[in-house]
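Numbering (this note's numbering), first residue to last: 1112 to 1318.
The structure appears below as structure tokens.
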């Protein structure tokens, strides 16, 4: 089990073509760190929504590893998302879930995505495929480094996304009431199509 205390500094962009962005990353000399892999996430909270009310996140993720993550509330008034992030590598996903439930937490959201990770100009650039659309996430040491990479990838900084995927899904459910009670998984949203305005986002890769 490994502990890692850190600050997460990142920004997201909704995009229409991951393939074109990936090609641009390679042209700029990006290095592939993790090939496309499936990722399953469980988000936990108390029955009265204490973490949600404090804008905090408790998440258990399974991809090539099992990672338990706590995220503090994002700092306000910033051009990028800045928040405390504490991650713990766990040996067994199911045991970690049982432990959290034993402490009084319950699963309030399940969500899935496919993720590909690159290193580019001192940042991590991830290509995320979610059931409701595709996103680019750039994480770096500071806002200026992130903005530089976004500019090199021809992404429109003005339409960057500062919220979480689960928050976007909550906004989507207000537009699409038939989603109420469904988790953000490929199976539950199979065959459904969503427009960016329903998510409250705009494509960052338009000419």
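Even glycine gets a Cβ: it sits at the ideal position worked out from N, Cα and C.
When only Cα atoms are considered, residue 1162 and residue 1262 end up about 34 angstroms apart. Residue pairing by DSSP places residue 1277 in no beta bridge whatsoever. In the three-state DSSP reduction, residue 1211 falls in the helix class (H, G or I).
Using a Cβ distance threshold of 8 angstroms, residue 1297 and residue 1248 do not count as a contacting pair. Across the set 1253, 1293, 1267, the C-alpha of 1253 shows the shortest separation from the C-alpha of residue 1120. In the pairwise beta carbon analysis, the stretch 1128-1142 is classified as not touching the stretch 1184-1202: fewer than three pairs are separated by under 8 angstroms. Burial of residue 1152 is indicated by the presence of at least 16 other C-beta atoms within 10 angstroms of its C-beta. Residue 1220 counts as buried, since at least 16 other C-beta atoms from the protein chains shown sit within 10 angstroms of its C-beta. Between the stretch 1277-1285 and the stretch 1133-1151 there are fewer than three C-beta pairs closer than 8 angstroms, too few to call the two in contact. If you ignore the 5 residues before and after residue 1165, its C-beta comes within less than 7 angstroms of the C-beta of 1184, all in its own chain and listed in chain order. Leaving aside the five residues that flank residue 1177 on each side, the residues in its chain whose CB is nearer than 6 angstroms to its CB run, in chain order, 1201, 1204. For residue 1142, the CB contacts under 7 angstroms within the same chain, skipping 5 residues up- and downstream, are 1229, 1230 in chain order. The continuous stretches of beta strand (DSSP E) do not include residue 1261, which lies in the alpha helix (DSSP H) extending over residues 1254-1263. Distance from the CA atom of residue 1118 to the CA atom of residue 1307, rounded to whole angstroms, is 29 angstroms. By alpha-carbon distance to residue 1243, the top candidate from 1271, 1225, 1260 is 1225. Taking a C-beta distance under 8 angstroms as the contact criterion, residue 1265 and residue 1316 qualify as a contact pair. In this structure, DSSP gives residue 1308 a helical state, which the three-state scheme calls helix. By the beta-carbon neighbour count (other beta carbons within 10 angstroms, threshold 16), residue 1250 is buried. Judged by DSSP in its simplified three-state form, residue 1271 adopts coil rather than helix or strand. Residue 1209 and residue 1170 have their C-alpha atoms roughly 13 angstroms apart.
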